[in-house]
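Asks: I'd like to ask you about the structure that follows.
Residue numbers (the working numbering): 670 to 797.
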């Protein structure tokens, strides 16, 4: 498994992963991330060509904000999401993410400073 910047050809697979995680993000946001080198994919493949890569997970950045991060259901718990966030941190001075209670431990393990959102119960903001 390796992490690389997404290409326009990856868009359908990225949307499939994000939709499978029931994340509300539109195609225009993902496409914009791809155009600005702000969408990363974790892929399996030989590394020789992008055509042999299978997208296992994706992370979409909107500036320094994590707009979405998701991993295929069968591949969760294998460190793929962690690798995606670490790769994003290599590209940005800081990251901000808003998320639900169930993924709070994920962001805390990655060293994000987490605080509750004032206006939304069970929602948090993490900064690193």
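Beta carbons are placed, not taken as given, at the ideal position from N, Cα and C, and that holds for glycine.
I want to know whether the region 777-793 touches the region 724-742 - three or more CB-CB distances under 8 Å.
Replies: Taking 8 Å as the limit for Cβ pairs, the verdict is that the region 724-742 does not touch the region 777-793.
Asks: DSSP three-state call for residue 789: helix, strand or coil?
Replies: Numbered from 1 along the chain shown, position 120 holds the residue referred to as residue 789. In this structure, residue 789 counts as coil in the three-state DSSP scheme.
Asks: Over the uninterrupted alpha helix (DSSP H) stretch that includes residue 701, give me the two end residues.
Replies: Sequence index remark: in the chain shown, residue 701 carries index 32 (1-based). Segment 696-704, the alpha helix (DSSP H) holding residue 701.
Asks: Secondary structure at residue 677, three-state DSSP: helix, strand or coil?
Replies: As a working note, residue 677 is residue 8 in the chain shown. DSSP places residue 677 in helix when its eight states are reduced to three.
Asks: Excluding the 5 residues preceding and the 5 following residue 781 in the sequence, name in chain order all residues of the same chain whose CB lies nearer than 8 Å to its CB.
Replies: For the purposes of this step, residue 781 is taken as the residue at position 112 of the chain shown. Correct list, in chain order: 764, 766, 795, 796, 797.
Asks: Check whether the region 748-765 and the region 691-704 touch, using three or more Cβ-Cβ pairs below 8 Å as the test.
Replies: Short answer: they don't touch.
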